[in-house]
Amino acid sequence: MFVSRRNKGGIIAAAAIAAAALVTSALPAHAETGVTSSTIKLGITVPLTGAAAPGYNKVPYAMKAYFDYVNANGGVNGRKIQLVIKDDGYSPATTLSVTNDLILKDKVFALVGTLGTANNEATTRLVNSHKVPRLFVNTGFSAFADMKKYPTTFPLFPSYATEAKVMGKYLADNFAGKKVALIYQDDDFGADALKGFATAGTTFVAKIPYSSLSQADPSVVGKWVTTLATAQADAVIMFGVTSATGALAGGLYKAGLIGKVQMILGSVGSDGTTLKGLLGPLAPALAGSIAASFLPSPSDATDEYVNLFKSVNTQYNAGATFDNNVLVGMNTAMMTVQALRAAGTNPTRASLIKAIEAKGSTFASAAFSSISYSAKSHVGYSGYWFGKLGTDGNAVSVDGAGKYTLYSTDSGTAPVVKSAPARTAMPAKGLPTN
Amino acid sequence: MATFFNTILVGISSGSIYALMSLSLVLVWRSTRVVNFAAAGQAVLSTYLGYEAMSRLHNYWLSLPIAVIAGALISALVESCVMRPLAKRSKGTAVESIAPVIATLGILGLIRGVVGLIWGNTFLQYTSPLSSKGFTIGHTTIPFSPLNAAIVIGAAIVLAIFAAIFRFTRLGLALRAASFQPEISRLSGIRVDRIRTIGWAFAGAAGALAGALVTPTAYLSPNSLDLLLVSGFVAAVIGGLESLIGAVVGGLVLGVGFAFILQYIGTQVTFSAAFIILIIVLFIRPQGIFGRGGSREA
Amino acid sequence: MKRKSPAARFLISLGIGAILLFASGHVDELRAYQGAQVAIYAIAIASIVLLTGFSGQISLGHGALLAVGGYAAVIAQIHWHLPYPLTFLIGGIAGALAGYVLGIAAARLRGPYLAGTTLALAVGLPSLANQFHILGGEQGLPFDVGTAPTWIGKDFTQYRWFFWVAVTAALAIFWLLRNLLSTRYGRRWRAVRANPTAAALAGIDIAKAKVLAFTLSSAVAGLSGALFAMLLGLVAPLAFTLTLSFTLVTGAVLAGVSNLGGSIVGALVLVAIPELSNVVATHLGGSDRVTANLPGVVTSVLLIVTVLLAPNGPRIPRRHK
Chain A
1 MFVSRRNKGG
11 IIAAAAIAAA
21 ALVTSALPAH
31 AETGVTSSTI
41 KLGITVPLTG
51 AAAPGYNKVP
61 YAMKAYFDYV
71 NANGGVNGRK
81 IQLVIKDDGY
91 SPATTLSVTN
101 DLILKDKVFA
111 LVGTLGTANN
121 EATTRLVNSH
131 KVPRLFVNTG
141 FSAFADMKKY
151 PTTFPLFPSY
161 ATEAKVMGKY
171 LADNFAGKKV
181 ALIYQDDDFG
191 ADALKGFATA
201 GTTFVAKIPY
211 SSLSQADPSV
221 VGKWVTTLAT
231 AQADAVIMFG
241 VTSATGALAG
251 GLYKAGLIGK
261 VQMILGSVGS
271 DGTTLKGLLG
281 PLAPALAGSI
291 AASFLPSPSD
301 ATDEYVNLFK
311 SVNTQYNAGA
321 TFDNNVLVGM
331 NTAMMTVQAL
341 RAAGTNPTRA
351 SLIKAIEAKG
361 STFASAAFSS
371 ISYSAKSHVG
381 YSGYWFGKLG
391 TDGNAVSVDG
401 AGKYTLYSTD
411 SGTAPVVKSA
421 PARTAMPAKG
431 LPTN
Chain B
1 MATFFNTILV
11 GISSGSIYAL
21 MSLSLVLVWR
31 STRVVNFAAA
41 GQAVLSTYLG
51 YEAMSRLHNY
61 WLSLPIAVIA
71 GALISALVES
81 CVMRPLAKRS
91 KGTAVESIAP
101 VIATLGILGL
111 IRGVVGLIWG
121 NTFLQYTSPL
131 SSKGFTIGHT
141 TIPFSPLNAA
151 IVIGAAIVLA
161 IFAAIFRFTR
171 LGLALRAASF
181 QPEISRLSGI
191 RVDRIRTIGW
201 AFAGAAGALA
211 GALVTPTAYL
221 SPNSLDLLLV
231 SGFVAAVIGG
241 LESLIGAVVG
251 GLVLGVGFAF
261 ILQYIGTQVT
271 FSAAFIILII
281 VLFIRPQGIF
291 GRGGSREA
Chain C
1 MKRKSPAARF
11 LISLGIGAIL
21 LFASGHVDEL
31 RAYQGAQVAI
41 YAIAIASIVL
51 LTGFSGQISL
61 GHGALLAVGG
71 YAAVIAQIHW
81 HLPYPLTFLI
91 GGIAGALAGY
101 VLGIAAARLR
111 GPYLAGTTLA
121 LAVGLPSLAN
131 QFHILGGEQG
141 LPFDVGTAPT
151 WIGKDFTQYR
161 WFFWVAVTAA
171 LAIFWLLRNL
181 LSTRYGRRWR
191 AVRANPTAAA
201 LAGIDIAKAK
211 VLAFTLSSAV
221 AGLSGALFAM
231 LLGLVAPLAF
241 TLTLSFTLVT
251 GAVLAGVSNL
261 GGSIVGALVL
271 VAIPELSNVV
281 ATHLGGSDRV
291 TANLPGVVTS
301 VLLIVTVLLA
311 PNGPRIPRRH
321 K
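Residue numbers (the working numbering), protein chains in the order written: chain A, 1 to 434; chain B, 1 to 298; chain C, 1 to 321.
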């Protein structure tokens with residue numbers, strides 16, 4: 001009774017599944033889920049709708065654009081990459097539901113670029129039990145590098161703790177003796193950062209936590225600015241999402257504090273295009289803000305990766321504005337293609353994970369940091385550079401355009417090291433040949 | 001001391017924003033006894049239409065009345081196409097009190113989706129020529145801008161207009177009668193259905209004004225008025241739901257209370273603050289500040 | 001209402017259970033998951049039916065009570081190392097305690113005021129998890145009820161096991177509630193709902209009846225919260241959003257509000273609607289913007305149409321003013 005009732009609602013779905021099953025079984029048999037002789041199917045969960053969507057909703061389409069570019073140039077060992085995109089509205093319960101669909105119904109080979117800390121946490125049991133590779137998750141929460149708890153998961157972004165330590169070092173070098181305040185998102189994102197600042201020994205005149213999404217309320221922003229003014233802060237670190245940066249800039253403008261309080265932005269909250277959309281005519285107020293990034297500036301015309309991704313974006317991404325979100329998506333996709341190539345001519349889930357552990361540290365990627373993947377580590381990037389935002393919202397390196405100093409460290413207690421960027425040169429036309 | 005006054009000003013700025021949304025909710029409640037969760041959606045849609053008007057006319061002051069009229073029409077449409085048939089069908093059933101709430105949630109989702117379809121899930125900027133930079137007194141900039149002043153004035157105008165309509169016009173009398181005693185009103189020749197639609201249209205206009213005045217202080221997205229909906233509803237409940245003045249006072253109580261809690265207790269309680277304020281007010285007066293106690297059930 | 005003895009109801013529950021559990025072996029994992037989802041939603045919706053349909057109180061914040069039950073169950077497992085059936089019970093008890101406190105406040109408030117208060121609670125409560133270390137912050141706390149015991153059989157998938165647990169819990173709850181509602185408590189609530197004045201004249205303590213209903217409803221909500229945590233494998237603030245609260249009220253309306261059995265129909269519709277709208281959206285296709293927003297549009301339209309066409313609550317005696 002239960003089954004038939006359920007299916008009344010989903011007869012079409014059931015028919016579709018049945019049809020899909022027939023089609024799949026007609027193809028030459030292959031050992032691995034999600035891989036046929038001509039295709040590899042990947043899945044991603046990301047907020048496409050809801051309050052968290054703006055900005056992040058560009059990432060999967062940028063990934064798709066790069067996959068289309070690779071597909072047009074022969075694919076991966078003759079197989080075309082398909083990306084199934086699912087909207088989770090940033091709710092972990094929905095993430096689990098749609099990931100069930102991805103793994104059990106769409107039968108994807110691997111997940112890639114799945115977004116959000118709690119969202120990835122909610123699908124961990126499912127992912128682990130089916131041994132589905134989960135590549136290059138879109139969160140900087142440091143715990144995902146724990147190989148025991150997340151054996152198939154590969155974080156790529158440097159952790160928030162790393163970012164805070166690096167910022168601490170930058171402050172010690174450039175803002176010694178100045179009064180610095182910290183505004184941070186009051187959850188694991190911020191907690192990870194507090195840990196990093198504590199390790200770096202940074203002291204603040206004021207620490208202001210805010211609840212995720214509460215930045216949309218004018219009272220909350222009013223409180224930030226009142227606190228900054230009372231503490232007579234010379235600089236303020238914003239360790240939050242882009243809409244919080246926008247709210248802070250608006251608040252400082254309102255209080256006549258632009259130019260008096262230096263804004264220092266984390267990598268999560270400094271996307272230029274999104275900020276411009278948020279602030280409109282106030283966008284120039286952001287000029288001069290310092291921002292930490294791990295990828296090159298989307299406006300750096302001398303960077304080979306940026307230029308390639310720009311041309312792919314023009315050709316395959318229906319005129320989307322080129323920004324940090326597009327850059328993140330294309331870079332993740334390029335890493336994915338190399339991982340799939342490294343997994344061999346008949347890739348399996350196990351061979352994919354092995355291949356990244358064995359060769360991931362040599363993959364070409366746009367970030368200036370090295371990659372630390374090995375059989376003993378699932379840590380990706382570990383370094384940042386600092387830039388100043390221009391009036392167009394994009395960051396230019398503090399050392400001058402195209403010149404980058406890399407600050408690297410780990411999530412633990414290792415010291416922060418300054419170095420020249422160390423990254424693998426881009427393969428010809430941005431098409432991996434590894 | 002400066003912090004204290006600044007906190008009051010922050011509270012008044014945000015409180016007047018809550019008050020505008022609260023007025024819209026109270027107007028709907030007064031005319032049909034429905035808590036309209038679609039109000040945020042309707043206001044977002046009318047603001048997007050204002051944004052379109054602005055991008056063509058390049059004049060905020062011309063786009064403002066367009067948004068307000070659009071808001072009234074959208075609201076009238078919602079009432080006559082969904083809420084009226086629903087009220088007729090669910091009358092006297094167990095779902096009478098909550099089915100309309102669910103319908104307005106459905107409309108909220110529908111509007112959000114349609115807005116996303118047309119304009120995309122991105123941040124847009126609907127800007128006002130009024131500055132968002134605080135007034136300067138002597139050498140200090142206070143956290144109260146010309147834009148905030150416009151919102152306070154907007155709330156005052158809405159309050160004055162509707163208070164006058166309810167008190168001095170035949171329409172106002174009909175509106176009140178139709179909501180309190182629909183059967184008797186019908187018998188005495190009032191076209192209750194049409195009057196209710198007018199009540200919704202008024203509410204839509206007020207909500208649209210809220211959206212068009214508030215959006216320039218932040219940004220426009222399909223979800224940009226979500227938080228305002230919750231604050232507006234809580235403000236309306238604090239004020240007593242029935243009363244227009246209550247809506248404004250409720251908004252200000254919530255805004256100022258919120259600002260003080262954030263400033264002197266901490267931002268950790270941001271999302272619990274509304275609950276705390278509401279519980280305190282309702283503990284003292286279970287029917288809200290301006291509500292009439294016990295005479296009727298919802 | 002048909003009169004059946006508790007024993008007869010027990011046999012019926014047992015029969016339904018046997019059929020469902022047998023069926024679970026013949027569907028794929030995805031359906032098993034959705035089946036578990038339906039069972040858990042059904043319990044949560046029943047908690048609202050109990051409150052609104054039988055005592056006339058409105059809650060827009062039951063998501064918060066699910067959170068209380070979920071977190072309590074997880075903490076009972078992590079810190080007290082209780083076996084999972086007991087953690088579910090703890091979830092229910094925690095829900096009851098929270099509901100009792102809330103119910104005392106609620107008994108003072110009329111319809112929209114109560115709706116506003118519970119709404120503010122649903123917004124405020126889950127975010128508190130970030131303030132207390134023991135609650136695990138944003139990424140929450142893991143909850144693991146383990147896999148099926150080996151005596152049930154080999155190749156028993158995780159989701160099939162969840163389905164068994166959820167269905168067993170649902171049947172037990174429905175059996176208990178059915179019996180409870182045919183006692184004098186059930187009759188009192190119905191009397192309070194239909195005509196408070198008459199009920200008061202007949203010597204029923206209205207406030208007390210309402211508080212009791214709120215407590216019981218919250219206990220059921222807490223239990224469903226624990227089951228919800230089982231299905232998710234964790235509790236986290238983002239898992240208990242306002243949207244969840246609204247979803248449950250929606251389910252209750254679809255269920256007709258005053259009928260316990262309707263809860264199951266409401267739960268089925270809740271699980272079927274997103275899937276249906278995905279099918280429609282995929283069918284229509286279009287640009288990125290369309291594929292992102294179409295499911296939301298279709299879901300909302302379905303919701304409005306369902307509410308419009310099926311306010312199927314039975315007529316209750318009209319109150320004479």
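Backbone N, C-alpha and C define an ideal beta-carbon position, used for all residues, glycine too.
Tell me the rounded alpha-carbon separation between residue i and residue j.
i, j, result
"residue 157 of chain C", "residue 129 of chain A", "10 Å"
"residue 297 of chain B", "residue 110 of chain C", "Note that residue 297 of chain B scores 40 on pLDDT, short of 50, meaning its location in the model is unreliable; the coordinates nonetheless yield the value given after this. Residue 297 of chain B and residue 110 of chain C: Cα-Cα distance of roughly 7 Å."
"residue 117 of chain C", "residue 52 of chain C", "15 Å"
"residue 36 of chain B", "residue 84 of chain A", "37 Å"
"residue 105 of chain C", "residue 283 of chain B", "8 Å"
"residue 245 of chain A", "residue 275 of chain A", "8 Å"
"residue 108 of chain A", "residue 102 of chain A", "6 Å"
"residue 398 of chain A", "residue 387 of chain A", "5 Å"
"residue 22 of chain C", "residue 16 of chain C", "10 Å"
"residue 287 of chain B", "residue 29 of chain C", "50 Å"
"residue 320 of chain C", "residue 191 of chain C", "With a pLDDT of 38 at residue 320 of chain C, under the threshold of 50, the predicted position of this residue should be treated as unreliable, though the coordinate-derived value follows. Each residue's alpha carbon lies about 14 Å from the other."
"residue 199 of chain A", "residue 410 of chain A", "11 Å"
In chain order, what residues of the same chain lie with their CB nearer than 8 Å to the CB of residue i, ignoring the 5 residues before and after it?
i, result
"residue 345 of chain A", "77"
DSSP puts residue i in a beta bridge; with which residues?
i, result
"residue 210 of chain C", "None, per the DSSP bridge assignment."
"residue 427 of chain A", "According to DSSP, which records beta bridges pairwise, residue 427 of chain A is partnered with nothing at all."
"residue 141 of chain B", "B/136"
"residue 386 of chain A", "A/292"
"residue 166 of chain B", "The partner list for residue 166 of chain B (beta bridge, DSSP) is empty, contrary to what the question assumes."
"residue 13 of chain B", "Note: residue 13 of chain B sits in no beta bridge, so no partner."
"residue 38 of chain B", "Bridge partners of residue 38 of chain B: none, in fact."
"residue 153 of chain A", "A/134"
"residue 35 of chain A", "A/40"
Between which residues of its own chain and residue i is the CB-CB distance below 7 Å, once the five residues before and five after are set aside?
i, result
"residue 24 of chain A", "Note that residue 24 of chain A has pLDDT 41, beneath the 50 cutoff, so the model's placement of it is unreliable and the number below is only indicative. Correct list: empty, nothing qualifies."
"residue 50 of chain B", "63, 64, 66, 67, 126, 212"
What would DSSP say about residue i, mapped onto helix, strand or coil?
i, result
"residue 117 of chain C", "helix"
"residue 98 of chain B", "coil"
"residue 12 of chain C", "helix"
"residue 141 of chain C", "strand"
"residue 138 of chain A", "strand"
"residue 204 of chain B", "helix"
"residue 5 of chain C", "coil"
"residue 24 of chain A", "For residue 24 of chain A, the pLDDT reaches just 41, beneath the cut-off of 50, and the residue's location in the model is therefore unreliable, leaving the point undetermined."
"residue 395 of chain A", "strand"
"residue 43 of chain A", "strand"
"residue 407 of chain A", "strand"
"residue 277 of chain C", "helix"
"residue 148 of chain A", "coil"
"residue 376 of chain A", "coil"
Handout entry: Every unbroken alpha helix (DSSP H) within the segment 336-361 of chain A, with a cutoff of 4 residues, ordered by chain
Key = Segments of the alpha helix (DSSP H) lying fully in the segment 336-361 of chain A: 349-359.
Practice task
Can you check the segment 75-121 of chain A for any beta strand (DSSP E) of at least 3 residues that lies completely inside it and give the ranges in chain order?
Solution key: Complete beta strand (DSSP E) runs here, min 3: 80-87, 110-112.
Exercise for the section: Starting from the N-terminal side, write out each stretch of the alpha helix (DSSP H) that is 4 residues or longer and does not extend beyond the segment 173-256 of chain A. Expected result: Qualifying alpha helix (DSSP H) stretches, in chain order: 188-200, 218-231, 242-254.
Handout entry: Those runs of the beta strand (DSSP E) which lie wholly inside the segment 254-328 of chain A and span at least 3 residues
Key = Runs found: 262-265, 290-293.
Exercise for the section: Output the residue ranges of the alpha helix (DSSP H) runs that lie fully inside the segment 216-268 of chain C and measure 4 residues or longer, sorted by chain position. Expected result: DSSP runs (the alpha helix (DSSP H)) wholly in the segment 216-268 of chain C: 242-254.
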